[in-house]
Amino acid sequence: MSITTNLQKIQNEISTNAKIVAISKFHSTDDISEAYKAGHRIFGESRAQEIVPKYEKLPKDIEWHFVGHLQSNKIKDIAPFISLIHSVDSFRLLRNINRHAKNNERVIPCLLQLHIAKEDSKYGFTYDECREMLTKGEWREFTNIQIAGVMGMASFTDDEDKVKSEFIGLKKFYDEIKNDFFAEEPSFKEISMGMSQDYPIAIQEGSTLVRIGSKIFGNRDY
Ligand SMILES: *Cc1c(COP(=O)(O)O)cnc(C)c1O
10 MSITTNLQKI QNEISTNAKI VAISKFHSTD DISEAYKAGH RIFGESRAQE IVPKYEKLPK
70 DIEWHFVGHL QSNKIKDIAP FISLIHSVDS FRLLRNINRH AKNNERVIPC LLQLHIAKED
130 SKYGFTYDEC REMLTKGEWR EFTNIQIAGV MGMASFTDDE DKVKSEFIGL KKFYDEIKND
190 FFAEEPSFKE ISMGMSQDYP IAIQEGSTLV RIGSKIFGNR DY
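If you're matching positions, the sequence shown starts at 10 in my numbering and goes up one per residue.
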């Protein structure tokens with residue numbers, strides 16, 4: 010199956026308002042160009058050293074999203090062009106992104122990453138940590154970032170009930186903080202959840218952005 014066919018198939022399957030972020034990490038610019046020629050414009054990467062050369066080489070109307078763990082010393086490399094950072098997992102990172110966004114005279118949309126899986130290996134705020142940060146309110150002074158929603162990665166498991174309950178939890182948390190902190194902000198609207206393995210469940214539970222890699226581009230060669 011070709012990249013174009015895979016994309017069309019997924020698009021037909023989800024047929025909702027959710028958007029597909031095509032996760033192109035470890036895939037070539039030729040692969041990305043194929044999806045681009047099929048009309049796709051939103052791509053996501055998880056490493057700064059990979060996204061920058063791809064951004065430089067490929068058409069400038071691509072919307073690049075960052076989905077991986079972001080180190081503070083890499084922010085300056087992506088700040089000039091990144092459209093959405095899905096993976097903000099600390100107050101310090103938010104503050105640093107704000108600083109670099111300001112240097113670039115930009116406002117950078119960010120999602121707060123929540124630790125929703127019952128696994129140690131995943132990054133993200135716990136629900137309590139995130140509430141605490143929002144309640145403190147210092148983030149309101151960061152005028153060069155825009156908190157646009159939440160992101161989460163479910164447990165890597167075949168247990169669909171478990172995955173489903175993790176997505177339900179994230180949706181519930183999104184509704185809670187939208188009501189408590191972002192009620193006046195229409196730009197707070199994204200729930201980034203769902204990957205190749207679990208996007209149908211994520212869509213059912215209210216995802217607005219699915220991050221799909223291998224189902225589009227095939228397996229990654231690390
Ligand atoms: C790699 C990655 C994806 C895509 O994974 P697939 O299983 O290939 O769809 C989604 N989200 C994040 C954060 C990733 O790092």
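Note that the Cβ used here is the ideal one computed from N, Cα and C, for glycine as well.
Keep in mind it's a predicted model, so treat the numbers as computed, not measured.
From the options, residue whose alpha carbon lies closest to that of residue i
i	options	result
residue 20	227, 230, 209, 231	209
residue 28	173, 201, 228, 152	201
residue 167	205, 106, 83	205
residue 55	225, 228, 224, 220	220
residue 127	169, 16, 165	165
residue 196	89, 117, 75, 74	117
residue 189	211, 141, 83, 95	141
residue 125	211, 89, 84	211
residue 174	23, 203, 91	203
Distance, residue j Cα to residue i Cα
i	j	result
residue 12	residue 81	33 Å
residue 218	residue 97	16 Å
residue 134	residue 47	36 Å
residue 148	residue 101	10 Å
residue 132	residue 62	25 Å
residue 194	residue 186	11 Å
residue 58	residue 119	20 Å
residue 207	residue 143	29 Å
residue 171	residue 114	42 Å
residue 99	residue 161	14 Å
residue 163	residue 77	15 Å
residue 18	residue 227	14 Å
residue 10	residue 191	42 Å
residue 83	residue 89	12 Å
Cβ neighbours of residue i in the same chain (closer than 7 Å, five flanking residues each side left out)
i	result
residue 43	12, 13
residue 111	153
residue 199	120, 157, 158, 217, 218
residue 223	205, 229
residue 246	Past the boundaries of the shown model lies residue 246; the chain is included only from 10 to 231, so the question cannot be answered.
residue 91	73, 75, 117
residue 184	none
Rounded distance between the beta-carbons of residue j and residue i, thought under 8 Å
i	j	result
residue 79	residue 157	About 16 Å separates the two Cβ atoms, so there is no contact after all.
residue 60	residue 87	6 Å
residue 52	residue 107	Rounded, the Cβ-Cβ distance is 24 Å, inconsistent with contact.
residue 50	residue 71	6 Å
residue 109	residue 95	That belief does not hold up - the Cβ atoms of residue 109 and residue 95 are roughly 17 Å apart, past 8 Å.
Residues of its chain near residue i, where Cβ-Cβ distance is below 8 Å and the 5 sequence neighbours each way are ignored
i	result
residue 182	123, 136, 139, 159
residue 230	35
residue 45	67, 68, 71
residue 16	29, 31, 44, 47, 49, 225
residue 25	212
residue 146	none
Sequence-distant residues of its chain with Cβ nearer than 6 Å to residue i (five each side left out)
i	result
residue 214	176, 177, 180
residue 155	116, 118, 196
residue 85	109
residue 23	212
Residue-chain proximity (residue i, chain C), Cβ-Cβ < 9 Å
i	result
residue 138	Considering every chain present, this structure includes no chain C. It has just one protein chain.
Q | Three or more C-beta pairs below 8 Å linking the segment 63-75 and the segment 19-38 | A | yes
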